[in-house]
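Residue numbers (the numbering used here): 716 to 1146. Structure first, commentary second.
This is the structure in structure tokens:
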């Protein structure tokens, strides 16, 4: 193996990040420097530019700006309040009721909006002050909000599952969407158990028990929002429309719902479109840069060498999955989820498919794993949003975060070693 390109890639990427260079530019520049080891300057510049552009030339990627826009419309459209009211009637009377409401609301909001940041922002803004008023520490509230927000990246519709489909060379988006439900629910359930135990230990109070009439009323209020799940996922699974077409339908439905709830006006639309455009631009730049790095890795035969190296250590499926999970957990600490999926899927997918692991199953393992990285410093975007909204510091949030991290890691290993948890639903629907 030629080690110089790999060393140049690692040293330049880590060095650029350490200097505070944005992640997308760190990826693009380090890819260029690596290519310059083997290729003259002009062709290297032209190749990186071309790969960044062609990496975005995909019909499937059109779903991302639409889902980002629908998430923004939902965040502004009064949907979060209705989901929280519904969750409150279900679990509000249990120990740590407000924390459990946060987890369930985040799962529902994530499932509808498909964005961890939108979920963390909405739930933190609405439930954070309420939890503080009821005697919960703001650090515990922030920790619950941060970890539960990531469930929306596993529970569909999810932009990152679309990115994985692209990186994997065509894993079915419908199968990936269905595969995310049970792992997402298991993660949420484990987070709720930990939150309940922590609340009992700290003596946080319970809410009032809701009557069946109240449960039914809040459910009816939430039905129009929840129907989006049926519309989007049902349409994709039934083959009525593609994921890209479903994303456009989600925008139209979210817009109509915002007008019906009288939370969105024509005057608000420019701000909503601008926010969605800014988020889309960041995501697309990350994707383009990551696709260029993916190509450079392939050009230098680095994935094949890593694959051979890992398989030479062991060909035991359990041990290899453990090694890959540990590597991804480490990667997630320093790299955002989108570039990590695009760069490491071509490296690890050939290894796991040789061992007979389904690409759909591995996709869920990978996303669930990298979700943990979103909650860890130094680049955890959801961590920064959650801490910022709670008006606290990362140092203070770490202690209540640790048991919730354990819950997420337990969920990860359950999904890793019990494939049916991810694959049962896709098989039921013949995918």
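Positions of the beta carbon are idealized from the N, C-alpha and C atoms, including for glycine. Because the structure is a prediction, the values reported are computed rather than measured.
1. Quick check on residue 734: does DSSP put it in helix, strand or coil?
2. Please work out which residues of its chain come closer than 8 Å, Cβ to Cβ, to residue 936, disregarding the five sequence neighbours upstream and downstream, and give them in chain order.
3. Can you have a look at residue 1030 and say buried or exposed, based on whether 16 or more other CB atoms are within 10 angstroms of its CB?
4. From residue 727 to residue 1070, what does the alpha carbon distance come to, in whole angstroms?
5. Specify the secondary structure class of residue 1144 as computed by DSSP and reduced to three states.
6. Verify whether the separation of the beta carbon atoms of residue 1090 and residue 1100 is less than 8 Å.
7. Under the assumption that residue 1054 contacts residue 1005 (Cβ atoms under 8 Å), give the Cβ distance between them as a whole number of angstroms.
8. Could you tell me how far apart the beta carbons of residue 834 and residue 792 are, in whole angstroms, since I believe they sit closer than 8 Å?
9. Throw me the rounded Cβ distance for the residue 907 and residue 815 pair, which I believe falls under 8 Å.
10. Measuring only the C-alpha atoms, how far is residue 1017 from residue 732?
11. Less than 8 Å between the C-beta atoms of residue 899 and residue 824, yes or no?
12. Verify whether the separation of the beta carbon atoms of residue 1008 and residue 719 is less than 8 Å.
13. Return the Cβ separation of residue 905 and residue 1126 in integer angstroms, given the expectation that the two are a contact with Cβ distance under 8 Å.
14. Give me the Cα-Cα distance between residue 806 and residue 849, rounded to the nearest whole angstrom.
15. On the CB-based measure, 16 or more other CB atoms within 10 Å of its CB, does residue 1028 come out buried or exposed?
16. Report the residue from 885, 1095, 766, 1121 whose alpha carbon sits nearest the alpha carbon of residue 738.
17. Assuming residue 1081 and residue 902 make a contact with CB atoms under 8 Å, what is their CB distance in whole Å?
18. Does the Cβ-Cβ distance between residue 1105 and residue 843 come in under 8 Å?
19. Taking 8 Å as the cut-off, does the stretch 777-784 touch the stretch 987-994 (at least 3 CB pairs, one atom from each stretch)?
20. Run through DSSP, which three-state label would residue 810 get?
21. Between residue 861 and the rest of its own chain, which residues show a CB-CB distance below 6 Å, the 5 nearest in sequence each way excluded?
22. Specify, as a first and last residue, the run of the alpha helix (DSSP H) that residue 1086 falls within.
23. Are the beta-carbon atoms of residue 859 and residue 818 separated by less than 8 Å?
24. Please return the same chain residues whose Cβ sits closer than 6 Å to the Cβ of residue 794, not counting the five positions on each side in sequence.
25. Specify, as a first and last residue, the run of the alpha helix (DSSP H) that residue 789 falls within.
26. Check whether the stretch 886-895 touches the stretch 763-773, counting contact only when three or more Cβ pairs, one atom from each stretch, lie closer than 8 Å.
27. Assuming residue 1038 contacts residue 1025 (C-beta within less than 8 Å), just tell me the rounded distance between them.
28. Please go through the stretch 984-1041 and give each complete alpha helix (DSSP H) segment of 4 or more residues, from N-terminal end onward.
29. Do residue 918 and residue 788 have their CB atoms nearer than 8 Å?
30. With distance defined between alpha-carbon atoms, name the residue in 734, 729, 790 nearest to residue 987.
In short, the structure shows the following:
1. Position 19 of the chain shown, counted from the first residue, corresponds to residue 734. If DSSP states are grouped into helix, strand and coil, residue 734 belongs with coil.
2. Taking the chain shown and counting its residues from 1, one reaches residue 936 at position 221. Within the same chain, residue 936 has close Cβ partners 797, 800, 801.
3. Mapped onto the chain shown, residue 1030 falls at position 315. With fewer than 16 other Cβ atoms within 10 Å, it is exposed.
4. For the purposes of this step, residue 727 is taken as the residue at position 12 of the chain shown. For the purposes of this step, residue 1070 is taken as the residue at position 355 of the chain shown. About 33 Å.
5. The residue labelled residue 1144 in the question sits at position 429 within the chain shown. Here residue 1144 sits in coil by DSSP.
6. For the purposes of this step, residue 1090 is taken as the residue at position 375 of the chain shown. For the purposes of this step, residue 1100 is taken as the residue at position 385 of the chain shown. No; because the gap between Cβ atoms is not below 8 Å, this pair is not in contact.
7. Along the chain shown, read from residue 1 onward, the residue named residue 1054 stands at position 339. Along the chain shown, read from residue 1 onward, the residue named residue 1005 stands at position 290. Going by Cβ atoms, the distance from residue 1054 to residue 1005 rounds to 4 Å, so yes, they are a contact pair.
8. For the purposes of this step, residue 834 is taken as residue 119 along the chain shown, with counting starting at 1. For the purposes of this step, residue 792 is taken as residue 77 along the chain shown, with counting starting at 1. That belief does not hold up - the Cβ atoms of residue 834 and residue 792 are roughly 14 Å apart, past 8 Å.
9. By 1-based counting over the chain shown, the position of residue 907 is 192. By 1-based counting over the chain shown, the position of residue 815 is 100. Yes, residue 907 and residue 815 are in contact; Cβ-Cβ is about 5 Å, under 8 Å.
10. If you number the chain shown from 1, residue 1017 lands on position 302. If you number the chain shown from 1, residue 732 lands on position 17. Cα to Cα, residue 1017 sits roughly 21 Å from residue 732.
11. As a first step, residue 899 must be located in the chain shown, where it is residue number 184. As a first step, residue 824 must be located in the chain shown, where it is residue number 109. No, they are not a contact pair.
12. On the chain shown, residue 1008 is found 293 positions in, with the first residue counted as 1. On the chain shown, residue 719 is found 4 positions in, with the first residue counted as 1. No, they are not a contact pair.
13. Sequence index remark: in the chain shown, residue 905 carries index 190 (1-based). Sequence index remark: in the chain shown, residue 1126 carries index 411 (1-based). Correct: roughly 5 Å between the Cβ atoms.
14. Counting from one through the chain shown, the residue named residue 806 turns up at place 91. Counting from one through the chain shown, the residue named residue 849 turns up at place 134. Going by the C-alpha atoms only, they are around 16 Å apart.
15. Along the chain shown, read from residue 1 onward, the residue named residue 1028 stands at position 313. Residue 1028 comes out exposed.
16. Position 23 of the chain shown, counting from 1, holds the residue named residue 738. Residue 1095 is the option with its Cα nearest to residue 738.
17. As a working note, residue 1081 is residue 366 in the chain shown. As a working note, residue 902 is residue 187 in the chain shown. Contact doesn't hold; Cβ gap of about 14 Å is too wide.
18. Taking the chain shown and counting its residues from 1, one reaches residue 1105 at position 390. Taking the chain shown and counting its residues from 1, one reaches residue 843 at position 128. Yes; because the gap between Cβ atoms is below 8 Å, this pair is in contact.
19. yes
20. Reading the chain shown from its first residue, position 95 is the one you call residue 810. In the structure shown, residue 810 sits in coil (DSSP, three-state: anything other than H, G, I, E or B).
21. For the purposes of this step, residue 861 is taken as the residue at position 146 of the chain shown. Cβ neighbours of residue 861 beyond the five flanking positions: 1090, 1097, 1098, 1101.
22. Position 371 of the chain shown, counted from the first residue, corresponds to residue 1086. From DSSP, the alpha helix (DSSP H) with residue 1086 extends over 1074-1088.
23. Here residue 859 corresponds to residue number 144 of the chain shown, with the count starting at 1. Here residue 818 corresponds to residue number 103 of the chain shown, with the count starting at 1. Closer than 8 Å, so yes.
24. For the purposes of this step, residue 794 is identified with residue 79 of the chain shown, where counting begins at 1. Hits under 6 Å: 940.
25. As a first step, residue 789 is located in the chain shown; it is residue number 74 there, counting from the start. Start and end: 778-791.
26. no
27. Counting from 1 along the chain shown, the entry for residue 1038 is found at position 323. Counting from 1 along the chain shown, the entry for residue 1025 is found at position 310. Sure, about 7 Å apart at Cβ, within 8 Å.
28. 984-1014, 1017-1028
29. Mapped onto the chain shown, residue 918 falls at position 203. Mapped onto the chain shown, residue 788 falls at position 73. No, the pair does not count as a contact, with Cβ atoms beyond the cut-off.
30. The count along the chain shown starts at 1 and reaches residue 987 at position 272. Here the closest residue by C-alpha is 790.
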